[in-house]
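Visitor: Numbering (the working numbering), first residue to last: 7 to 889.
Note that beta-carbon positions come from the ideal geometry of N, C-alpha and C, so glycine has one too.
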């Protein structure tokens, strides 16, 4: 009822009183949104279900021109789908068209003749961020215009020359969360002020999906079902033009291509040229309608993991469009003007039609460029210094297999050696994966596998100039993302392309295959060096299997077992433990060996105090403001979905209140937006409660801003401290607080020196991969690699723990070895050297484990996850010794 009442109020008072496309006439054969759900386009924010209802009605009205294709299901059970809109002639041969596109993409014989008759393809994606609301309604409006417009030459050209694909809502869980929160705060009429409750989203807001992921950053790791489904269908159709429609700050206007520098060096020159064709046509329509816009600012094309970047690496022209957001039905800008929801819907609708028109008018150019992109990829790959990447069979075979599967998910050809072979300058064992560079997906291979992707030198010089002036840099996202480095997986560069004929090819489902070998029934062992071991540990604890972990390497029955090996004995467990172990091995991908003899030749026996019995801890996770919304979501996703262990989210008001925490064994404090955020949210009462719980035996795991809080002087749960830039001075007390001694400034250089802050944090880092080294003797290191690649962002650098305070479990490498990938300020490189990544400190009978940087960020640092899982699941066994 409230939605209907507000719709009636808005008619005649907003841009709904004017036509979205001046002069357009529409057929009554296609239902309007209003006739289906009760409100017209732009009057209300349409829910996922309302948009689906309209597309269902459109499909029923025009079954020879519209098809709805489901492609995924969100975590909360909402169906994701894309819509095909085509002329009846093209619609009747969709299967043939798709087959011909695949033949062109695979460079089959006759590809040139095929593109002569293939329609162009435009893919329009909307609402990847759930609170970027206009995008979903503009998707519906674009579809309606294409289906219902009468005697429109632009529409006729689009349908004659192209097929249009529309993905209306990429993040249905986030969109419906936003709408629910928005409508819960509505009153008599929409309110424009940014102070209104309806325009202030409660945590976590609508931007993110169920697990609080920014789906626009998930294209490279592909951790979420929404992203995986989308990648699969794009590889089926390989559309020529791809648009990802977004919203940005209310006080802006509209952004479209060309993007800002830097461009990724693996993009082809004609892709950059074509960006301007699309931008110019958008500008032509915006000029006609009197709509403001800007280009070549803010939004760059460097990181390959955006929706507007990823399609570039199969050969598309990929673009991001950004509309200033009303974040509701109307908003007052800082200059006093008002922005309506209808305007924002209209603007995205206009660029949607303009983009499809550009594809139609440049159909042959785009197909020729697409074919040349894939042909030139093969040709370039056959000439480059690195002709293939090998992912050798290794101790962490589970990680290697998952990397191969992820590459295959992205459309990369990856092959498995079935027997030992001489290649890549050495001997490669069976189980090695080969990734040829000379393949149509070559540019994705390079951008995903290369240890480093260089940035434009002129752009970097400009960033250094800005930094010298204490101005923000222009780096939009991370500068490092190499998949082998993030997986912490060994690879080898091959200067010759190995033969792949007859080899099995990886698929998106490729991963570690769990097995149980051996014939004994006395005990079962899981080797510590495989990343699947941590997954087995988590799942076994959840299923009630009693297990132990060896802190040291040992030798049993002529086989060496590394530190971190899991030990399960028949004596510890129920009679049906063998079946339970087999089930967990299958789910986790771990390799388990059954043994019949407990005798250990070297190292600790199964009954040694160095083989520690684990218990299944109850894990709490701080949930709500002031956490950085992505951090608790990623931590929860890693533990629950990647490792199969449940987590209890606890709201901050509960942590700050008087309710005791004694039912929990572990509490995780994720990263925050600000260094003082936890102090304000918890207050003295919450701080004292958490400190008392730790002293009684709890395990506190802190991440990023949580570590900063624990290391502050007024909390002191961790004894180390944040550092300022080197050379900072402390302010001295003065007898007269309102005056300081006089000075004389004699030159511009002296003036410049006089305005330098006495204390200043290190410069913020956009995101680089650096090397960290583990203390091999510490129990947290058991089963983890000896060196790790850590993504660092921001300005947090801590001094090391002293020996009388705690332990530095992992520290960053020396300055000359530190940087692994990305662009790091020189001062940060020197200051970060040998500083801690992970520390521990005993507090009473409990333990605090501090991560100075987030090991779970975006859930794409697979190589760090075993260390983090150790901190959460193994630590309670060690605090028990302190009690």
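1) Using a Cβ-Cβ cut-off of 7 angstroms (strictly less than) and excluding sequence neighbours within five positions of residue 883, which residues of its own chain qualify?
2) Report the rounded CA-to-CA distance for residue 673 versus residue 847, giving the unit in angstroms.
3) Using only the alpha-carbon positions, how far apart do residue 716 and residue 378 sit?
4) Just to confirm my understanding: we take residue 713, look at its own chain, exclude 5 residues before and 5 after, and list those with CB closer than 7 angstroms. What are they?
5) If you follow the alpha helix (DSSP H) that residue 827 is in, where does it begin and where does it stop?
6) On the CB-based measure, 16 or more other CB atoms within 10 Å of its CB, does residue 733 come out buried or exposed?
7) Is the distance from the Cβ of residue 679 to the Cβ of residue 771 below 8 angstroms?
8) Taking contact to mean 3 or more Cβ pairs, one atom from each stretch, closer than 8 angstroms, check whether the segment 49-68 and the segment 312-321 are in contact.
9) Taking residue 531 as the reference, which of 689, 455, 587 has the closest Cα?
10) Mind checking which residues open and close the alpha helix (DSSP H) that includes residue 319?
11) Out of curiosity, what's the CA-to-CA distance linking residue 115 and residue 436?
12) Can you tell me whether residue 539 is helix, strand or coil according to DSSP?
13) Which of the three DSSP states, helix, strand or coil, is assigned to residue 760?
14) Cutting at 6 angstroms between CB atoms, please list the residues of its own chain near residue 408, excluding the five before and the five after it.
15) Please tell me whether residue 420 and residue 441 are closer than 8 angstroms, where the distance is taken between their beta carbons.
16) Can you tell me where the alpha helix (DSSP H) with residue 593 in it begins and where it stops?
17) Distance check for residue 111 and residue 383, CA to CA, integer angstroms please.
18) Go to residue 298, then tell me how far its beta strand (DSSP E) extends in each direction, as first and last residue.
19) Please name the residue, chosen from 793, 810, 820, 835, that lies closest to residue 799 on a Cα-to-Cα basis.
20) So what does DSSP say about residue 180, is it helix, strand or coil?
21) Whose C-alpha, out of 193, 59, 155, 217, is nearest the C-alpha of residue 863?
22) Report the residue from 773, 774, 792 whose alpha carbon sits nearest the alpha carbon of residue 780.
23) Leaving out the 5 sequence neighbours to the left and right, which residues in its chain are closer than 7 angstroms to residue 154 when beta-carbon positions are compared?
24) Taking the straight line between their C-alpha atoms, what separation do you get for residue 739 and residue 823?
25) Go through its chain and collect everything with a Cβ distance to residue 870's Cβ below 7 angstroms, but skip five positions before and after it.
26) Please list, in chain order, all residues of the same chain as residue 877 whose beta carbon is under 7 angstroms from its beta carbon, the five residues on each side excluded.
27) Could you give the first and the last residue of the continuous alpha helix (DSSP H) run that contains residue 140?
28) Using DSSP bridges, identify the partner residues of residue 171.
29) Is residue 16 helix, strand or coil by DSSP?
30) Check for me: the beta strand (DSSP E) holding residue 562 runs from which residue to which?
31) What are the residues that DSSP puts in a beta bridge with residue 574?
32) Nearest by alpha-carbon distance to residue 144: which of 327, 287, 157 is it?
33) With DSSP collapsed to three states, give me the class of residue 481.
34) According to DSSP, simplified to helix, strand and coil, what is residue 739?
35) Measure the beta-carbon distance from residue 490 to residue 455 and round it to whole angstroms, keeping in mind my assumption that it falls under 8 angstroms.
36) Out of curiosity, what's the CA-to-CA distance linking residue 881 and residue 814?
Guide: In brief:
1) Reading the chain shown from its first residue, position 877 is the one you call residue 883. If you ignore the 5 residues before and after residue 883, its C-beta comes within less than 7 angstroms of the C-beta of 618, 619, 620, 621, all in its own chain and listed in chain order.
2) As a working note, residue 673 is residue 667 in the chain shown. As a working note, residue 847 is residue 841 in the chain shown. Approximately 15 angstroms between the Cα atoms of the pair.
3) Indexing the chain shown from 1 puts residue 716 at position 710. Indexing the chain shown from 1 puts residue 378 at position 372. So the two alpha carbons sit approximately 56 angstroms from each other.
4) One-based indexing of the chain shown puts residue 713 at position 707. Cβ within range, chain order: 724, 856, 857, 858.
5) Reading the chain shown from its first residue, position 821 is the one you call residue 827. For residue 827, there is no enclosing alpha helix (DSSP H); the enclosing beta strand (DSSP E) has its first and last residue at 825-827.
6) On the chain shown, residue 733 is found 727 positions in, with the first residue counted as 1. Exposed.
7) On the chain shown, position 673 is the one that residue 679 refers to. On the chain shown, position 765 is the one that residue 771 refers to. Contact flag unset, no.
8) no
9) By one-based count along the chain shown, residue 531 stands at place 525. Answer by Cα proximity: 587.
10) Within the chain shown, numbered from 1, the residue matching residue 319 stands at position 313. Where residue 319 is concerned, there is no enclosing alpha helix (DSSP H), given that its DSSP letter is neither H nor E.
11) Position 109 of the chain shown, counted from the first residue, corresponds to residue 115. Position 430 of the chain shown, counted from the first residue, corresponds to residue 436. Cα to Cα, the separation comes out at about 34 angstroms.
12) Within the chain shown, the letter at position 533 stands for residue 539. Residue state, collapsed to three classes: helix.
13) Counting from 1 along the chain shown, the entry for residue 760 is found at position 754. Residue 760: helix per DSSP, three-state reduction.
14) Counting from 1 along the chain shown, the entry for residue 408 is found at position 402. If we look at residue 408 and ignore the five residues flanking it on each side, its Cβ neighbours are 517.
15) For this step, residue 420 is matched to residue 414 along the chain shown. For this step, residue 441 is matched to residue 435 along the chain shown. Taking 8 angstroms as the Cβ cut-off, residue 420 and residue 441 qualify as a contacting pair.
16) On the chain shown, residue 593 is found 587 positions in, with the first residue counted as 1. Taken as a continuous stretch (DSSP letters only), the alpha helix (DSSP H) holding residue 593 covers 583-594.
17) One-based indexing of the chain shown puts residue 383 at position 377. One-based indexing of the chain shown puts residue 111 at position 105. Going by the C-alpha atoms only, they are around 11 angstroms apart.
18) Residue 298 sits at position 292 when you count from the first residue of the chain shown. It is not in any beta strand (DSSP E) - residue 298 carries neither H nor E in the DSSP assignment.
19) The residue you call residue 799 lines up with position 793 of the chain shown. Measuring from the Cα of residue 799, the nearest candidate turns out to be 835.
20) Walking along the chain shown from the start, residue 180 turns up at place 174. Residue 180 falls in the helix class under three-state DSSP.
21) By one-based count along the chain shown, residue 863 stands at place 857. Selection 193, 59, 155, 217 evaluated against residue 863 yields 217 as nearest (Cα-Cα).
22) What you label residue 780 is simply residue 774 of the chain shown in a count that begins at 1. If we check each option's Cα against that of residue 780, 792 comes out closest.
23) As a working note, residue 154 is residue 148 in the chain shown. Excluding positions up to five away in sequence, the list reads 32, 33, 36.
24) To locate residue 739, count along the chain shown from 1; it is residue 733. To locate residue 823, count along the chain shown from 1; it is residue 817. Residue confidence for residue 739 is low, a pLDDT of 49 falling below 50, so the modelled location carries little weight; the figure read from the coordinates is stated next. Residue 739 and residue 823: Cα-Cα distance of roughly 41 angstroms.
25) Residue numbering aside, residue 870 sits at position 864 when the chain shown is read from its first letter. Within the same chain, residue 870 has close Cβ partners 794, 796, 861.
26) Counting from 1 along the chain shown, the entry for residue 877 is found at position 871. Answer for residue 877: 707, 786, 855, listed in chain order.
27) As a working note, residue 140 is residue 134 in the chain shown. Here the alpha helix (DSSP H) through residue 140 covers 140-154.
28) In the chain shown, residue 171 corresponds to position 165, counting from 1. BP columns for residue 171 point to 90, 129.
29) Numbered from its first residue, the chain shown carries residue 16 at position 10. At residue 16 the pLDDT is 43, less than 50, meaning the model places this residue with poor confidence; the figure from the coordinates comes in the next sentence. Helix at residue 16.
30) Within the chain shown, numbered from 1, the residue matching residue 562 stands at position 556. Note, residue 562: beta strand (DSSP E), 560-562.
31) Reading the chain shown from its first residue, position 568 is the one you call residue 574. 530, per the DSSP bridge assignment.
32) On the chain shown, residue 144 is found 138 positions in, with the first residue counted as 1. Residue 144 has its Cα closest to that of 327, out of 327, 287, 157.
33) Counting from 1 along the chain shown, the entry for residue 481 is found at position 475. Coil, per DSSP.
34) The sequence position of residue 739 within the chain shown is 733, counting from 1. With a pLDDT of 49 at residue 739, under the threshold of 50, the modelled position of this residue cannot be trusted, and the question is left open.
35) In the chain shown, residue 490 corresponds to position 484, counting from 1. In the chain shown, residue 455 corresponds to position 449, counting from 1. With a Cβ gap of about 6 angstroms, residue 490 and residue 455 count as contacting.
36) Against the chain shown, residue 881 aligns to sequence position 875. Against the chain shown, residue 814 aligns to sequence position 808. Distance between the alpha carbons of residue 881 and residue 814 is about 15 angstroms.
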